[in-house]
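With UniProt numbering, the residue at position 8 of the sequence shown is 8, and numbering never jumps.
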Amino acid sequence: MLGSLTKGADLTSMIVSASLLKPYSSLQKLGTDMMSRSNYLPEIVACKDPLERSLMVAKFFISGFHPDTFDGKKPFNPILGEQCHHVFNHGEEFGKSYYFSEQVSHHPPIFAAHVVNDKIGVKATLTGKTKVIFGGNFIDVKFPGHKEIYFKEHDELYTIETPFLCVRGVMGIGKKGIERSGQLIVRCEKTGYVTKVHFKPLGFLGLWGTWNAVDGHTKLVTKEKGKKKKELLKTFDGYWTSTINVTDAKSGEKEVFYDYEGMSKYNIKPVEIPLEKRSKLDSGNVWRKAIEGILSGDMK
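Structure representation (structure tokens):
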């Protein structure tokens, strides 16, 4: 199938066999991935240091990335109007986080999502356009759009840019696997802190480079006499699937910034809501028969 495609072809709406589908919609995966460690949010709210908070916001979004296995399968493409609701219960002290997303356009495919937790004063908004591009021996999966998260306690709004997925070795050449590529950028206009984490891609055919390597920095961006001034505060290096280290630019002191396994203590699963209590346009109902067929091995 891929052999007949030309480089640069848009695969976003490509029709594939049921045997090549995963038993969930991309709307469902978006929500469960992003909020998978949302028990970390109350700690961000409680942090009193603005620089540390900025770093914690970056850690939260990194924690929503999980290693994916290359199995040649893809999630369902959401239909227009399809919705996904998740409720994450953080306990009496920190309340519940409500996640809602909807496919607001089919051609081009665009989704919108909103997260709110009134108890701790956190809101997040995401919009994105799904782009799946064939690159020859790889496929890029991108979600360009707008992402932001607001913390009422500190009156801070963070804008977020995230890396994309790259599926390598789809034609059986070179190393096979799925990697993150591009940058995670976390900006707060109020404090001036900007964190950039570069997800470093492998080289041609995977002949050089290391899976899941990252580097980056945090800078304080201010304006002086109408000109931007950037002060380097922190640098990063490591692997997002294990540990990322942070080095203080002034003291040279190095410590662990992010520990993938360590963040698992913040894991949380959404509250199970029976399908009959969900909207007819909920992903679980829209794809119910298809999901049942895939899970049972019935591809008819």
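Virtual Cβ for every residue (Gly too), placed ideally from N, Cα, C.
Treat the numbers as computed from the prediction; the structure is a model and nothing was measured.
How far does the alpha helix (DSSP H) with residue i in it reach, from first residue to last?
| i | result |
| --- | --- |
| residue 304 | There is simply no residue 304 to check, as the chain begins at 1 and stops at 300 in what is shown. |
| G31 | 26-34 |
How is residue i classed by DSSP in three states: helix, strand or coil?
| i | result |
| --- | --- |
| residue 309 | Missing from the structure shown is residue 309; the chain here goes from 1 to 300 and no further. |
| G64 | coil |
| N39 | helix |
| N89 | strand |
| S279 | coil |
| P50 | helix |
| N137 | coil |
| K142 | strand |
| T165 | For the record, residue 165 in the displayed sequence is Leu; it is not Thr. Strand at L165. |
| A9 | coil |
| F285 | According to the sequence displayed, residue 285 carries Asn and not Phe. The answer is helix: DSSP assigns N285 an H, G or I state. |
| G95 | coil |
| residue 348 | Because residue 348 is not part of the residues shown, which for the chain are 1 to 300, the question remains open. |
| V132 | strand |
| K59 | helix |
| S101 | strand |
| L20 | helix |
| K152 | coil |
| V271 | coil |
| G121 | coil |
Beta strand (DSSP E) containing residue i: first to last residue?
| i | result |
| --- | --- |
| G72 | Taken as a continuous stretch (DSSP letters only), G72 belongs to no beta strand (DSSP E), as it is neither H nor E. |
| A112 | 110-117 |
| N267 | First-last for N267: undefined, no H or E at that position. |
| K254 | 254-259 |
| I79 | Premise fails: I79 is in no beta strand (DSSP E) and is neither H nor E. |
| I244 | 243-248 |
Relative to the C-alpha of residue i, which residue among the options is closest?
| i | options | result |
| --- | --- | --- |
| L165 | K225, K289, P67 | P67 |
| P23 | I268, N77, Y239 | N77 |
| S181 | T162, W287, S105 | T162 |
| I103 | S54, C84, G95 | Contrary to the premise, residue 103 reads as Gln rather than Ile in this sequence. The shortest C-alpha separation from Q103 is found at C84. |
| W240 | N267, S264, F65 | F65 |
| I160 | I110, K59, K229 | K59 |
| M171 | G297, D298, T243, G136 | G136 |
| P108 | D10, F204, A249 | D10 |
| G8 | D71, S63, T69, F138 | F138 |
| G252 | Y266, P270, L232 | L232 |
| I268 | Y260, F70, M35 | M35 |
| E92 | N117, F111, A112 | N117 |
| Y40 | K265, A112, E272 | K265 |
| H90 | V271, I291, E292, G293 | V271 |
| residue 336 | S242, W211, V45, S63 | Examination of residue 336 is not possible in this model, given that the chain is present from 1 through 300 alone. |
| L202 | G169, L55, N285 | G169 |
| L126 | T247, H146, V57 | H146 |
| V186 | R37, F61, S19 | F61 |
Are the C-beta atoms of residue i and some chain C residue less than 8 Å apart?
| i | result |
| --- | --- |
| T210 | Among the protein chains of the structure shown there is no chain C, as only one such chain exists. |
Worksheet item: Are there three or more Cβ pairs, one per stretch, closer than 8 Å when the segment 138-145 is compared with the segment 118-125?
Response: no
Discussion item. So, does the segment 39-52 touch the segment 269-283, judging by three or more C-beta pairs under 8 Å?
Written reply: no
Worksheet item: Taking the runs of the beta strand (DSSP E) that are 3 residues or longer, which of them lie wholly in the segment 173-235?
Response: 177-188, 193-199, 213-224
Item to complete: Indicate whether the contact test is met: 3 or more Cβ pairs, each with one atom in the segment 153-172 and one in the segment 183-192, closer than 8 Å.
Response: yes
Worksheet item: Do the segment 168-182 and the segment 78-91 make contact, defined as three or more Cβ pairs closer than 8 Å?
Response: no
Discussion item. Closer than 8 Å is the cut-off here; do at least three beta carbon pairs connect the segment 226-233 with the segment 208-215?
Written reply: no
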